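Following: one structure in C-alpha cells, then a few remarks.
Residue numbers (our numbering): 92 to 268.
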C-alpha cells in the first residue's frame, strides 16, 4: 500500500477519536458529503505511526458536527483507538465530479486575475458556506472574499495555474475597510 502515488490521493478526513466500543470512528470530514465515502467504497488510512492501511467502508453517516465511520476490520474500541489522529484519503479517480468541479487542493495557490487582465492575488483559503464556497484571495496587502459562483468565476486554467474572475459592481469594494 505504501507504493501509492501521493498525487493520486485526496485527503478527505481526519480521525478524531473512537466512538463507542464497536469500532466506530469519529471523523472530521473534508469531503463534500458522506456520499463520497460510499461511492469510493474503500479508503486509505495513514496512521500517526506511519503505515498506510486500506479499508472497505462499511458505513459513513453524519452525527452532530462529525461523521461516524465504520471500516472493515475495526471491531472494537481498542481497534479504533489505534486510528486516533489518522488521516483518511480517497483515490481521486474514485470520486465522481462534474466538468466544472475542482478539488480544493487544485485551487489553493492559484493566481487570480480580473477579466481585464489585472492580477488580484493568490487564492489562499476556501471557506465553505453551504450555499457556495468563498475564495479568499490575498494580494497587494489586501484580502478579497470572492464568491465561487458562475457569475463571478469565468475561467479556471489548472495547467497554467490561473483563475479569471469578473468583478461584479461593488464586489471588490465590499472588501475595503
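Cβ coordinates follow ideal geometry from the N, Cα and C atoms, glycine included.
Since we're looking at a predicted model, the values are computed, not measured.
Is the beta carbon of residue i less than 9 Å from the beta carbon of residue j?
i: residue 180; j: residue 135; result: yes
i: residue 257; j: residue 230; result: no
i: residue 160; j: residue 150; result: yes
i: residue 171; j: residue 114; result: yes
i: residue 109; j: residue 174; result: yes
i: residue 142; j: residue 125; result: no
i: residue 252; j: residue 200; result: yes
i: residue 206; j: residue 241; result: no
i: residue 99; j: residue 182; result: yes
i: residue 213; j: residue 239; result: no
So, under 8 Å CB-CB, residue i and residue j are touching, yes? Tell me the CB distance rounded to an integer number of Å.
i: residue 117; j: residue 107; result: 4 Å
i: residue 259; j: residue 243; result: 6 Å
i: residue 165; j: residue 120; result: Residue 165 to residue 120, Cβ: 17 Å. No contact.
i: residue 163; j: residue 147; result: 4 Å
Going by beta carbon distance, what residues of the same chain come within less than 8 Å of residue i, once the five residues before and after it are set aside?
i: residue 185; result: 130, 131, 132, 133
i: residue 145; result: 92, 133, 134, 135, 136
i: residue 112; result: 167, 168
Beta-carbon within less than 6 Å of residue i's beta-carbon, same chain only, minus the 5 sequence neighbours each way: which residues are those?
i: residue 246; result: 255
i: residue 196; result: none
i: residue 105; result: 119, 178
i: residue 122; result: 103
i: residue 210; result: 204
i: residue 198; result: 214
Start and end of the alpha helix (DSSP H) containing residue i?
i: residue 198; result: 195-198
Kindly indicate the opening and closing residues of the beta strand (DSSP E) around residue i.
i: residue 178; result: 178-182
i: residue 129; result: Segment 126-131 is the alpha helix (DSSP H) holding residue 129; no beta strand (DSSP E) there.
i: residue 98; result: Here residue 98 belongs to no beta strand (DSSP E), and DSSP marks it neither H nor E.
i: residue 69; result: The question about residue 69 has no answer, for the chain in this structure spans 92 to 268.
i: residue 215; result: 210-218
Would residue i count as contacting chain D if we go by Cβ distances under 9 Å?
i: residue 170; result: No chain D is present in this structure, which holds just one protein chain.
In chain order, what residues of the same chain lie with their CB nearer than 7 Å to the CB of residue i, ignoring the 5 residues before and after it?
i: residue 193; result: 247
i: residue 223; result: 238, 239, 240
Task: Uninterrupted beta strand (DSSP E) stretches inside the stretch 136-174 (no shorter than 3 residues) - done: 143-154, 157-162
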